[in-house]
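To start, the structure itself, in structure tokens.
Residue numbers (my numbering): 61 to 126.
If you want it as structure tokens, here you go:
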């Protein structure tokens with residue numbers, strides 16, 4: 061049985077893909093929450109701002125490369 065992907069992880073995955081393909085400026089939080097299948101309050105429970113989400117995506121990508 062597969063473990064469900066946590067909301068924070070879904071947000072990071074969706075945001076990372078959207079930021080890469082559509083750009084940081086063009087990708088709004090509404091698009092990220094829709095792609096992740098979570099609510100906007102859920103996003104803000106994990107990240108204080110879009111900037112914090114961007115930083116978390118970059119931190120995660122950096123950690124995978126090191």
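All C-beta atoms, glycine included, are put in the ideal place defined by N, C-alpha and C.
Please read these numbers as outputs of a predicted model, since none were measured by experiment.
For residue i and residue j, I'd like the C-alpha separation in whole angstroms.
i: residue 110; j: residue 99; result: 14 Å
i: residue 79; j: residue 119; result: 14 Å
i: residue 151; j: residue 89; result: Because residue 151 is not part of the residues shown, which for the chain are 61 to 126, the question remains open.
i: residue 105; j: residue 112; result: 12 Å
i: residue 75; j: residue 117; result: 7 Å
Among the residues of its own chain, which have a CB less than 6 Å from the CB of residue i, if the five just before and after it don't count?
i: residue 93; result: 100 and 103
Considering only residues of the same chain and omitting the five flanking positions on each side of residue i, which have a CB-CB separation below 8 Å?
i: residue 65; result: 73
Quick one: what's got a C-beta closer than 7 Å to residue i's C-beta in the same chain, skipping five residues either side?
i: residue 70; result: 96, 97 and 98
**Study point:** In chain order, each beta strand (DSSP E) run of at least 3 residues that lies wholly inside the segment 71-117
**Key:** none
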